[in-house]
Amino acid sequence: MDPITPSALQQELKAWVQNKWLRRLDAALAGFMHELDPQADAAVLLAVALLSHLEGRGHACLPLAQLCEDAPDLLGWGAEPAQRLAELNLPTTPAEWTQCLAASPLVWQPGAPDNHSPLVLQGQRLYLRRYWQYEQRVASQVLARVSATERLDTLALRAWLCRLFPIPAAGLDWQQLACAVALRSRLAVITGGPGTGKTYTAARLLALLFAVHAQRQTLRVALAAPTGKAAARLKQSIESALQGLAEALAPDFDLRELASHIGPARTLHALLGARPDTRAFRADAAHPLELDVLIVDEASMVHLEMMAALLEALPPGARLILLGDKDQLASVEAGAVLGDLCREAERGGYSAATAAFAQAATGQVLPAEYLQAERPQALAQATVMLRESRRFGGPIGQLALAVNRGDVAAAQGLMAQAEDQALLQLPAPEPADVLRLALQGRPGAPGGYASYLQALRQRPPAEAGLLAFEDWARWVLGEFERFRLLCAVRAGVWGTEGINLAVERALAEAGLLSRRGEWYEGRPLMVTRNDPSVGVFNGDIGIALKPHKLLDAQGLIPLRAYFLDGPQLRSVGVSRLNDVETAFAMTVHKSQGSEFEHTVLVLPEQGGSHLSRELVYTGITRARKFFTLVSPQAQTFHQALRQRTRRASGLLDLLAV
Numbered sequence: 101m102d103p104i105t106p107s108a109l110q111q112e113l114k115a116w117v118q119n120k121w122l123r124r125l126d127a128a129l130a131g132f133m134h135e136l137d138p139q140a141d142a143a144v145l146l147a148v149a150l151l152s153h154l155e156g157r158g159h160a161c162l163p164l165a166q167l168c169e170d171a172p173d174l175l176g177w178g179a180e181p182a183q184r185l186a187e188l189n190l191p192t193t194p195a196e197w198t199q200c201l202a203a204s205p206l207v208w209q210p211g212a213p214d215n216h217s218p219l220v221l222q223g224q225r226l227y228l229r230r231y232w233q234y235e236q237r238v239a240s241q242v243l244a245r246v247s248a249t250e251r252l253d254t255l256a257l258r259a260w261l262c263r264l265f266p267i268p269a270a271g272l273d274w275q276q277l278a279c280a281v282a283l284r285s286r287l288a289v290i291t292g293g294p295g296t297g298k299t300y301t302a303a304r305l306l307a308l309l310f311a312v313h314a315q316r317q318t319l320r321v322a323l324a325a326p327t328g329k330a331a332a333r334l335k336q337s338i339e340s341a342l343q344g345l346a347e348a349l350a351p352d353f354d355l356r357e358l359a360s361h362i363g364p365a366r367t368l369h370a371l372l373g374a375r376p377d378t379r380a381f382r383a384d385a386a387h388p389l390e391l392d393v394l395i396v397d398e399a400s401m402v403h404l405e406m407m408a409a410l411l412e413a414l415p416p417g418a419r420l421i422l423l424g425d426k427d428q429l430a431s432v433e434a435g436a437v438l439g440d441l442c443r444e445a446e447r448g449g450y451s452a453a454t455a456a457f458a459q460a461a462t463g464q465v466l467p468a469e470y471l472q473a474e475r476p477q478a479l480a481q482a483t484v485m486l487r488e489s490r491r492f493g494g495p496i497g498q499l500a501l502a503v504n505r506g507d508v509a510a511a512q513g514l515m516a517q518a519e520d521q522a523l524l525q526l527p528a529p530e531p532a533d534v535l536r537l538a539l540q541g542r543p544g545a546p547g548g549y550a551s552y553l554q555a556l557r558q559r560p561p562a563e564a565g566l567l568a569f570e571d572w573a574r575w576v577l578g579e580f581e582r583f584r585l586l587c588a589v590r591a592g593v594w595g596t597e598g599i600n601l602a603v604e605r606a607l608a609e610a611g612l613l614s615r616r617g618e619w620y621e622g623r624p625l626m627v628t629r630n631d632p633s634v635g636v637f638n639g640d641i642g643i644a645l646k647p648h649k650l651l652d653a654q655g656l657i658p659l660r661a662y663f664l665d666g667p668q669l670r671s672v673g674v675s676r677l678n679d680v681e682t683a684f685a686m687t688v689h690k691s692q693g694s695e696f697e698h699t700v701l702v703l704p705e706q707g708g709s710h711l712s713r714e715l716v717y718t719g720i721t722r723a724r725k726f727f728t729l730v731s732p733q734a735q736t737f738h739q740a741l742r743q744r745t746r747r748a749s750g751l752l753d754l755l756a757v
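Numbers given in our numbering equal positions in the sequence shown, counted from 1, plus 100.
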């Protein structure tokens, strides 16, 4: 059978778009490449469509070996599209694919004269050129920063660490080790699950930097995170920890006074200076950020393009400290940078030199199991995994660990322990059960959205003044953050779209909300797109409220959206918000960087490639005290635990030096 022709392939791709196996964009990109090269082989055009499809699924490249070995798993396809793909009679081995792609003028291979083609073939990975460039830039920046080790006075360092960690830990103190290791180079990666003390450690590391810096009064520190919520939590946690450390470092210097110089925590978009209608930022290599230390929390959410921009905007001498949970969901956009950086974090991989430094600086001896005798990698010497959870030792923590292992039996056993009200799995749930949770909660757990709606009805009188109004607004926002419905998908009755509509309607019918049109007082909202001109960013959560001054110049009552950044309250007129959605329910992806007293995870009836143990783990670890699982089909939960997310990338290979 002859291979398919380019024109026939175009028709096939259109059919795949109609069947929703591909996006319209994927087929259009293949068509655009055909316009650039009318002689292009059908295999090259198909590779472009599949590459675009994978980029939409978060992959940085098309791995040819995996395409040949297990295309359905890689592409997230079922049996029918996989069979159609096999029937095209195109290359079937990585060598055949490589030979075909290398012959195309649309493809450039590193080492050959650059023809500025849109595609790059490196080894057995095919890239869109810009993603190949992002990977190269991230790898070169990371290696340059972790290789720039500094000579430190280990005796002085040990004395400071003893003051910052006065109570000896049982066993190896990974937090203290992280502080010492992070001081050696211009990039440090600190990873760990919930409750392992990432921000606790970062605060001590920051205090340590103030202590050893020759000109501590001029040390420029910035705090950032991918979302406004995560940035506010980081600022609050760091400030609280530094206040508690002030006495330990007195009278040598006033840590409170130095901490007051730290600016507000910002989203990465705000930090870099996002500009409307362009992917470029104001800060770049030619216009670097004016800072000495940058701490970035929730780094698992930072996608490849953002990490490349961030690293290039940092001055060469600045320190970057990345905090995050390597087991959480990766970013929505392409790349899994933290996952690649921390792929070997669990085993340590420390060199003899790092072990000697750690012992001299902390007095701790690294066990042999964490050492790497032959060819230790530079990145490992700047990476520390925190291993003891001080908050998640109970049932929720045990469930998170079981899910992370993919242990279906253990996870199901924990959910079945009815004597512990921290965990509950609803038996054979219906959509009405989700509404009852939203309105009433469940036995032993807070009552859904009732607490925020009760607070909403207790608005202070106007004569109480602006401060009383602001305290009330903070109370309403704080009560709303106690409970949240998290969904794995957007569409359908079990997705955010269906549940938000149903909850909104149920609350209105119960007389708990007065819903008139799109905007009404008490509407919880989530910003879905950065808008620097208004001062809102993707992921910000707010509530629409009537302002303190009820009437404007026209005698109307305008609604404003109120947001909480730590203790700080800010507001925006709702007429200025273009990209928002109701937030009674939100996707697990959007919930990263947040925590709720009671979290309800809603899975769809049918499984699929979008469900994974990382998604379930992330949903579980948003819960502080209570977790409820709503899974219409038990096998959907089991399938998710058996499915790991692995994003195609060449970054790990580039860093393996």
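No residue lacks a Cβ here, since even glycine has one placed at the ideal position from N, Cα and C.
Next on the checklist: Based on DSSP bridge pairs, tell me the residues matched to His-698.
Outcome noted: Phe-583, Phe-726
Checklist entry - Per DSSP, Ser-250 forms a beta bridge with which residues? => result It should be noted that the sequence gives Glu, not Ser, for residue 250. DSSP, once it has assigned bridges, lists no residue as partnering Glu-250.
Next on the checklist: So, at 7 Å on beta carbons, what are the nonlocal neighbours of Gly-642 in its own chain, with the 5 sequence-adjacent residues on each side left out?
Outcome noted: Leu-625, Ala-661, Tyr-662, Phe-663
Checklist entry - Do Arg-320 and Leu-391 have their C-beta atoms closer together than 7 Å? => result yes
Item to check | Three-state secondary structure assigned by DSSP to Pro-531 | outcome: helix
Item to check | At least three beta-carbon pairs within less than 8 Å, the region 577-589 to the region 504-523 | outcome: no
Item to check | Reference Ser-337, options Ala-568, Pro-210, Pro-667, closest by Cα | outcome: Nearest option by C-alpha distance: Pro-667.
Checklist entry - DSSP puts Glu-681 in a beta bridge; with which residues? => result Met-626
Checklist entry - Which of helix, strand or coil does DSSP assign to Asp-652? => result With a pLDDT of 49 at Asp-652, under the threshold of 50, the predicted position of this residue should be treated as unreliable, and no value is reported.
Next on the checklist: For a quick check, are the C-beta atoms of Ala-458 and Ala-256 less than 7 Å apart?
Outcome noted: no
Checklist entry - Just to confirm, are Glu-398 and Gly-424 a CB contact at a threshold of 7 Å? => result yes
Checklist entry - Between Ala-160 and Ala-434, which are expected to be in contact by the criterion C-beta below 8 Å, what is the C-beta distance as a whole number of angstroms? => result 5 Å
Checklist entry - Between Ala-330 and the rest of its own chain, which residues show a CB-CB distance below 8 Å, the 5 nearest in sequence each way excluded? => result For Ala-330, the CB contacts under 8 Å within the same chain, skipping 5 residues up- and downstream, are Asp-397, Glu-398, Met-401, Gly-639, Gln-692, Gly-693, Ser-694 in chain order.
Item to check | Assigned exposure category for Leu-287 - 16 Cβ within 10 Å defines buried | outcome: buried
Checklist entry - Could you check where the beta strand (DSSP E) with Val-393 kicks off and where it finishes? => result 393-396
Item to check | Nonlocal neighbours in the same chain, by C-beta distance under 6 Å from Ala-461, ignoring five residues either side | outcome: Thr-254, Leu-257, Arg-258, Ala-280
Checklist entry - Does the region 190-198 come close enough to the region 163-171 that 3 or more CB-CB pairs lie under 8 Å? => result Yes, they touch.
Checklist entry - Hey, how far is the Cα of Leu-113 from the Cα of Asn-189? => result 15 Å
Next on the checklist: I need the boundaries of the beta strand (DSSP E) containing Arg-124, first residue and last residue.
Outcome noted: Here Arg-124 belongs to no beta strand (DSSP E); instead the alpha helix (DSSP H) covers 124-136.
Next on the checklist: Going by DSSP in three states, Gln-222 sits in which element: helix, strand or coil?
Outcome noted: strand
Item to check | Cα-Cα separation between Arg-382 and Leu-645, rounded to whole angstroms | outcome: 34 Å
Next on the checklist: Is the beta carbon of Gly-719 closer than 7 Å to that of Leu-741?
Outcome noted: Gly-719 is positioned such that its CB atom lies no closer than 7 Å to that of Leu-741.
Checklist entry - From Gln-276 to Trp-572, what distance separates their C-alpha atoms? => result One Cα belongs to Gln-276, the other to Trp-572, and the distance between them is close to 40 Å.
Checklist entry - So which of Phe-727, Ala-303, Trp-260 has the shortest CA-CA distance to Gly-544? => result Phe-727
Checklist entry - Applying the criterion that 16 or more other CB atoms from any shown protein chain within 10 Å of the CB defines a buried residue, is Thr-596 buried or exposed? => result buried
Item to check | Beta-ladder partner(s) of Trp-208, from DSSP | outcome: Val-220
Checklist entry - Residues bridged to Phe-663 by DSSP? => result Gly-642, Arg-670
Checklist entry - Going straight from the alpha carbon of Leu-479 to that of Ala-455, what length do you get? => result 15 Å
Next on the checklist: Below 8 Å on the Cβ atoms is my contact criterion, and I expect Leu-264 with Arg-304 to pass it. Report the Cβ-Cβ distance as a whole number of Å.
Outcome noted: 5 Å
Item to check | Cross-strand partners of Asp-631 (DSSP beta bridge) | outcome: Val-636, per the DSSP bridge assignment.
Checklist entry - Near Ala-748, which residues of its chain fall below 8 Å by C-beta distance, leaving aside the five closest residues on each side in sequence? => result For Ala-748, where only same-chain residues beyond five positions count, the Cβ hits under 8 Å are Leu-154, His-159, Ala-160, Cys-161, Leu-162, Pro-163, Gln-166, Leu-174, Arg-225.
Checklist entry - Can you round the beta-carbon distance between Ala-795 and Gly-363 to whole angstroms, since I take them to be within the 8 Å contact cut? => result With the chain running from 101 to 757 in the structure shown, residue 795 is simply not present.
Next on the checklist: Could you give the first and the last residue of the continuous beta strand (DSSP E) run that contains Gly-424?
Outcome noted: 419-424
Checklist entry - Are there three or more Cβ pairs, one per stretch, closer than 8 Å when the region 403-411 is compared with the region 435-442? => result Touching, per the Cβ criterion.
Checklist entry - Whole-angstrom Cβ separation of Leu-537 and Gly-622, contact assumed at under 8 Å? => result Actually they do not touch by this definition, with Cβ atoms about 18 Å apart.
Checklist entry - Count the other CB atoms within 10 Å of the CB of Ala-332; is the residue buried (16 or more) or exposed (fewer)? => result buried
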